[in-house]
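Here the protein sequences line up with chains P and X, keeping their order. FYI, the numbering for the first sequence is 22 to 288, going by the working numbering. FYI, the numbering for the second sequence is -6 to 173, going by the working numbering. All residues carry an ideal CB built from backbone N, CA and C; glycine is no exception. None of these values were measured; they are calculated from a predicted model. Report on the following structure.
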Amino acid sequence: MTTRSQTWTEEILEVAGTRLQMVKGGKGEPLLILHDEMGHPGWLQYHEALAQHHTLYIPSHPGFAQSERLDWIMTMRDLAGWYLQALEGLGLGPLNVVGLSLGGWLAAEMAAMCPHQFKRLVLVGAPGIRPPSGEIFDMFLSVATEYITNSFLDPANVPEIQQLLPDEPTPEQVETWEVAREESCRLMWKPYMYDPALPPLLGRIRDLPTLIVWGREDAIVPLSVAEAYRQSISGSRLAVLDNCGHHPEVEKSQEFVRLVQEHLTGS
Amino acid sequence: MFIGHFTDRPYQDPNSGYFGATGRSITDLKLSNEIYDSQLGSDLYNRYTDEKIYAEEMGFDGLMLNEHHSTPFCMGGAMNIEAGILARVTKKAKIVLLGNVLPIWDDPLWLVEQLAIIDMISRGRLVSGWVRGTGRESVAHNSPPPYNWERFQEAHEFIVKAWTTTGPFRWKGNTFNTGT
């Protein structure tokens, strides 16, 4: 029997006025991963693959998991402003960032505020822009398990589904989801998961190489939003993955990792 | 002893599916106006008003109304309107509201005005209660649930101040802003 040793660590850091839960792992240049509206789901295959060439920094946003909420953070823009302080506090200079869904919106906000904070940007299934067509799935009118189910095109064939959506979630898992949903609700209730000011502000991003990754069958944030990001961010490139829902990083893990690696190495 | 009269004032229609007759969705918030029979709706609103008037005749001390949104079990989605009618057509009974859902009011000044009108027309018979509402109230009126308690407290403080202090005054809170 062989047991693969754990390749990541978890710690609580005091930064920018709060206590931040940080998962860290891998070797190489730092890569910030900003989690989605349900929180960091644990170390998955795509983390392991990216960690071969990068040191992953995966913070839980304030108000998620064990990270302490800051009451003054009431909008995504507040959160983005806080994060820029936090990255400075952590000594993480210009670095690469992958933002997943809510984390993608967050990354876009931060990049619009402070483009030189990042070297390269990857946005995945990000809300933040009002869909030119279609609607963003209402996560607050459905329970956590239903939302996660809808996040995948074909949950039954997701290899890591038992980690992401166990048949019988533990009470701790359910609580983590509810804490995440509450903070998401604080940040994104109205307008629901977009900010009309974001597209014009994204015009500030000019020299930041940006890759937008989307599942063609994303049932949470419609593909029209991907195209809107592409048009708003000068020089950005859109990669649409077929037969894939809201989580390309999980549902099309290998293809996702290849796209991200290529983008980050500039190849 | 104070005895009041209260019912939820449900939309009760055996043909609508409310009792499962048609199998159509009667879920809160997903209830469709498609199943609403406006003739029956008119009859029910009038019946419930008549019941309140009759309750006063029978000697009840209070006529109590409640408010819910987007649900078949309570048609009182704008309870203050019903209270305004009772204010004019009844004579003695207290008009008890339990209550206005404070967190869903983006402008509590408007609520202050409505309740003051009820109190004036009824010549001081208004008993005004406050509630935070259930989830359906917040969702139906798009009021952010995580701020429910904060919004309740600020609206309450504002309303009490509006009714009890000499104005005009400025109010610059986290949620509400009024005055210049």
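- Put simply, the region 184 to 193 of chain P does not touch the region 36 to 43 of chain P. Fewer than three CB pairs are less than 8 Å apart.
- Straight across, the Cα-Cα distance linking residue 112 of chain X with residue 3 of chain X is about 26 Å.
- In this structure residue 180 of chain P is exposed. Its beta-carbon is surrounded by fewer than 16 other beta-carbon atoms within 10 angstroms.
- Nearest CB-CB separation between residue 162 of chain P and chain X: below the 8 Å threshold.
- At a beta-carbon threshold of 7 Å, the residues of chain X lying near residue 211 of chain P are 135, 137, ordered along the chain.
- Note that the C-beta distance between residue 59 of chain X and residue 67 of chain X is below 8 Å.
- Neighbours of residue 132 of chain X in chain P, taken as residues whose beta carbon is under 8 Å from its own, are 161, 162 in chain order.
- Cα atoms of residue 44 of chain P and residue 190 of chain P: separation of roughly 22 Å, rounded to the nearest angstrom.
- With a threshold of 16 other beta carbon atoms within 10 Å, residue 125 of chain P meets it and is buried.
- Shown here, residue -1 of chain X sits in a strand according to DSSP, grouped into three states.
- A distance below 7 Å between beta-carbons, with the five flanking residues on each side excluded, links residue 222 of chain P to the following residues of its chain, in chain order: 133.
- The secondary-structure analysis by DSSP pairs residue 121 of chain X across a beta bridge with X/90.
- When CB distances to chain X are screened at a threshold of 8 Å, the residues of the region 205 to 232 of chain P falling below it are 206, 207, 210, 211, in chain order.
- Rounded to the nearest angstrom, the Cβ distance from residue -2 of chain X to residue 56 of chain X is 6 Å, consistent with a contact under 8 Å.
- From the beta-carbon of residue 203 of chain P, the residues of chain X found nearer than 7 Å are 139.
- Contact between the region 224 to 233 of chain P and the region 136 to 149 of chain P is established, with three or more Cβ pairs separated by less than 8 Å.
- When DSSP states are grouped into helix, strand and coil, residue 124 of chain P belongs to the helix group.
- Under the three-state reduction of DSSP, residue 242 of chain P is assigned to coil, being neither helix nor strand.
- Inter-residue distance for residue 153 of chain X and residue 106 of chain P is about 40 Å (C-alpha atoms, whole angstroms).
- Per DSSP, residue 235 of chain P lies in no alpha helix (DSSP H) segment; the continuous beta strand (DSSP E) that holds it begins and ends at 231 to 236.
- If you draw a straight line from the Cα of residue 169 of chain X to the Cα of residue 72 of chain P, it comes to about 48 Å.
- Taking C-beta atoms as the reference points, residue 257 of chain P and residue 66 of chain P fail to come closer than 8 Å.
- Cβ neighbours of residue 48 of chain X within its own chain (closer than 7 Å, five residues either side excluded): -2, 56.
- Residue 30 of chain P has P/45 as its beta-bridge partners, per DSSP.
- With respect to residue 249 of chain P, residue 261 of chain P sits apart: the two C-beta atoms are not nearer than 8 Å.
- DSSP places residue 55 of chain X within a strand segment (E or B) once states are collapsed to three.
- Around the beta carbon of residue 36 of chain X, fewer than 16 other beta carbons sit within 10 angstroms, so the residue counts as exposed.
- For the 8 Å CB-CB criterion, residue 119 of chain P and residue 33 of chain P do not form a contact.
- Per DSSP, residue 78 of chain P is one residue of the beta strand (DSSP E) stretching across 75 to 80.
- In the three-state reduction of the DSSP assignment, residue 104 of chain X falls in the helix class.
- Around the beta carbon of residue 158 of chain X, fewer than 16 other beta carbons lie within 10 angstroms, which makes this residue exposed.
- Counting the other Cβ atoms within 10 Å of the Cβ of residue 156 of chain P gives fewer than 16, which makes it exposed.
- Around the beta carbon of residue 242 of chain P, a 10 Å sphere encloses 16 or more other beta carbons of the protein chains shown; the residue is thus reported as buried.
- Pairing residue 82 of chain P with residue 160 of chain X, the inter-Cα distance amounts to about 44 Å.
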